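S.K.: For the sequence shown, the residue numbers in the UniProt record's numbering are 1 to 498.
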Amino acid sequence: MGHPGAGRRAGRDRHAAPPGARGRVGHARFRDEARAARRRPVDQVAGGVPRPAGERDGALGRDRPQHRRGGAVTAAVTTPGVVDRALWADFETLCGFGGRVAGSPGEQAALDWALGRLTDIADSAGTPAPHAWPVAYAGWHCRDARLIDLGSGRALACTPLLGTAATAGIEAEVIDLGRGRPDDFDRHADSVRDRIVLVRHEYPFSTGHVHRRVKLGLAQRLGAVGFLIAHPEPEAGPVSGSSGRDGGPGIPALGIDTAAATALAAGPDGRRPIARIVIDGEDVAGRTRILTLDLPGRGPDLVVLSAHVDGHPHGESAIDNATGVAVALAVARRLAPRAAAFSHGLRVCLTSAEEWGLAGSRQWLAALPADERARMRLDVNLDSVGGAPHLTALTSDFPALDRFVRAVAAEEGLALATHLPAMPNSDHANFAAHGIPALRLIAGFDAPDSALRLLLTGRDRRDLVRPEELAAAVRTAAALVERAMAADAATLAALAVR
């Protein structure tokens, strides 16, 4: 999940490199490194972020409703009668790397493994090796984070928002603004200064959602000294997410659970509790990799299939976004043997630092030469494509793209909805900001009772996803990508018209 402030709009030349890049790494060395890392075991790590106090280890039981909504697509992953058995294995392998926070050993191991999987696809298709593009971003490391209710002296469960401002200790009254929507801040504008603001996390995939960083920005502008955001789901644990500070000014910000929010509620007499926040963290220079594999078509242009590898410090970042990466690899395996016959090629793009305000793909795209960006005619971004039985394409305010998606869905018999208004909540927003038509394929849109309500918490584990959901996502993504690869140049160009 990504950046609410990214813009609304955003080849076969595999030798192009962004300024400062060291150039393409040798084919043989990549292949050797990838194969060596492919099945490297990695302990789950927090990646420089302390585990939330009281977080439980071990697999958690599936707790979402067991009924099935109508309209689920459950077709075979590849050609009729052929099942891509690697799909579920890839998904579980990614979950095994843990939360995969950018900059952590888990993220690096997951990228090494993903490079190996892309190398396998290149080998099978007889195409050049994948490319690893170095990318810098504003990183951060946290050694400790604490939240104390000074009335009781009790430590409360919390997790720092990624990149949050540090503090040796602030003590202030807590003002509870409920959901923390803009009108809530307006009503209490004179009461926020010098206090810690408490708001609620909202289901992020809905038309009326107000993003966490919008609420944090309002608190900061009104003079709050701290920020707490609570997950409303009992026993979900503290909610994670990016602070969006990006190395700049900010206020200390923590995700908390329902119990902590209850403990910090005002008393019957209206007296506000006093809390203490301690965050021992520091900004560091972050570096990660964007992995790309080009499967050339007959012409020079490319259809991009993207998914982010990185995640959050607790849980397995299973829905967000082991689902997207596993599905992207499956689609690439399906199309690789036939890519050369299409009008346009396929670029598989596995990103990282997406959870840091979409920083990874933003830096990568900005550093590419303009003519290289121009070759990318469409981005199909896979982010959180399991955990619910129905899929939606967020079409980034590209009306022609929205019509294209609906036409493909109708002709292929896909249960696929569309949402036209721009929602800059994943890497597709960075492609759109460069004028590249881009969509995000997502499960559970406007379905707040789905398993996606547990994203950004320790509950985001593999048991929330069903194999048939991933199979449906493969069929849907493959249909969209294949139709775009087969389209003529004029059809693809028309998708960018607004």
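All C-beta atoms in this analysis are idealised placements derived from N, C-alpha and C, irrespective of residue type, glycine included. Remember, it's a predicted structure, so these values are computed and weren't measured experimentally.
1. Can you grab the Cα-Cα spacing for the pair Met423 / Thr395, in whole Å?
2. Along the alpha helix (DSSP H) that carries Asp90, what are the first and last residues, could you check?
3. Hey, Leu470 and Val327 are a contact pair by Cβ (cut 8 Å); roughly how many whole angstroms apart?
4. Where does Val197 sit, in a helix, a strand or coil, going by DSSP?
5. Rounded C-beta distance between His201 and Ala230? I'm assuming under 8 Å.
6. Give the list of continuous beta strand (DSSP E) stretches no shorter than 3 residues that lie fully inside the region 125-190.
7. With a threshold of 8 Å on Cβ separation, who are the neighbours of Ala263 within its own chain once the five nearest residues in sequence on each side are excluded?
8. Determine the extent of the beta strand (DSSP E) in which Leu420 is found, giving its start and end residues.
9. Between Leu111 and the rest of its own chain, which residues show a CB-CB distance below 7 Å, the 5 nearest in sequence each way excluded?
10. For Ile442 versus Ser361, is the C-beta distance shorter than 7 Å?
11. Please report whether the beta-carbon of Arg195 lies at a distance below 7 Å from any beta-carbon of chain D.
12. Just to confirm my understanding: we take Thr159, look at its own chain, exclude 5 residues before and 5 after, and list those with CB closer than 6 Å. What are they?
13. Less than 7 Å between the beta carbons of Pro437 and Leu401, yes or no?
14. Taking only three categories from DSSP, how would you classify Glu482?
15. Can you confirm whether the region 445-460 touches the region 194-210 when touching is taken to mean that 3 or more C-beta pairs between the two stretches lie within less than 8 Å?
16. Do Ile277 and Leu464 have their C-beta atoms within less than 7 Å of each other?
17. Where does His308 fall in DSSP's three states?
18. Please report the distance separating the alpha-carbon of Leu368 from that of Asp301.
19. Name the residue from Gly226, Leu295 and Thr119 whose alpha carbon lies nearest to the alpha carbon of Ala341.
20. Which two residues bound the contiguous alpha helix (DSSP H) that contains residue 538?
21. Starting from Phe404, trace the alpha helix (DSSP H) in both directions and tell me its first and last residue.
22. What's the gap between the Cα of Ser191 and the Cα of Trp364?
23. Exposed or buried, which one is Asp144 when buried takes at least 16 other CB atoms within 10 Å?
24. What span of residues does the beta strand (DSSP E) with Ala438 cover, start to end?
25. Consult DSSP for Ser361 and reduce its assignment to one of helix, strand or coil.
26. Throw me the rounded Cβ distance for the Thr93 and Trp113 pair, which I believe falls under 8 Å.
27. Thinking just about the alpha-carbon of each residue, which of Ala490, Arg187, Leu456 and Glu355 is nearest to the one in Glu233?
28. Out of curiosity, what's the CA-to-CA distance linking Ala165 and Leu492?
29. Measure the alpha-carbon distance for Ala417 versus Arg406 and round it to whole angstroms.
30. Please look up how many angstroms separate the CB atoms of Thr142 and Arg461, rounded, as I've assumed it's under 8 Å.
31. So, is Asp379 buried or exposed, given that buried needs 16 or more other C-beta atoms within 10 angstroms?
32. Just mark Glu411 as buried or exposed, buried being the case when its beta carbon has 16 or more other beta carbons within 10 Å.
33. Any heavy atom of the ligand SAM closer than 6 Å to the CB of Gly458?
34. Using only CA atoms, which one of Thr258, Arg221 and Gly286 lies nearest to Pro105?
35. Kindly list the residues whose CB is nearer than 8 Å to the CB of Ala477, restricted to its own chain and excluding five residues on each side of it in sequence; keep chain order.
36. Where does the unbroken beta strand (DSSP E) through Gly286 begin, and where does it stop?
M.R.: According to the structure shown:
1. 8 Å
2. Its alpha helix (DSSP H) spans residues Ala86 to Gly96.
3. 6 Å
4. strand
5. 6 Å
6. 131-149, 154-156, 158-160 and 167-176
7. Asp149, Ser152, Arg154, Leu156 and Pro273
8. Neither: Leu420 is in no beta strand (DSSP E) and is coded neither H nor E.
9. Arg289, Leu291, Val309 and Ser352
10. no
11. Absent here is chain D; the protein component of the structure consists of one chain.
12. Pro52, Pro238, Ser240 and Gly255
13. yes
14. Residue state, collapsed to three classes: helix.
15. yes
16. no
17. strand
18. 15 Å
19. Leu295
20. Because residue 538 is not part of the residues shown, which for the chain are 1 to 498, the question remains open.
21. Pro399 to Glu412
22. So the alpha carbons of these two residues sit roughly 42 Å apart.
23. exposed
24. Ala438 to Ala443
25. helix
26. 7 Å
27. The option with the nearest alpha carbon to Glu233 is Leu456.
28. 44 Å
29. 7 Å
30. Reading the sequence as shown, one finds Cys at residue 142 and not Thr. Contact flag wrong, Cβ pair sits at about 23 Å.
31. buried
32. exposed
33. Looking at this structure, you won't find the ligand SAM or any other ligand, since it has none at all.
34. Gly286
35. Leu305, Val327, Ala328, Val331, Val380, Leu382, Val385 and Leu441
36. Ile274 to Leu295
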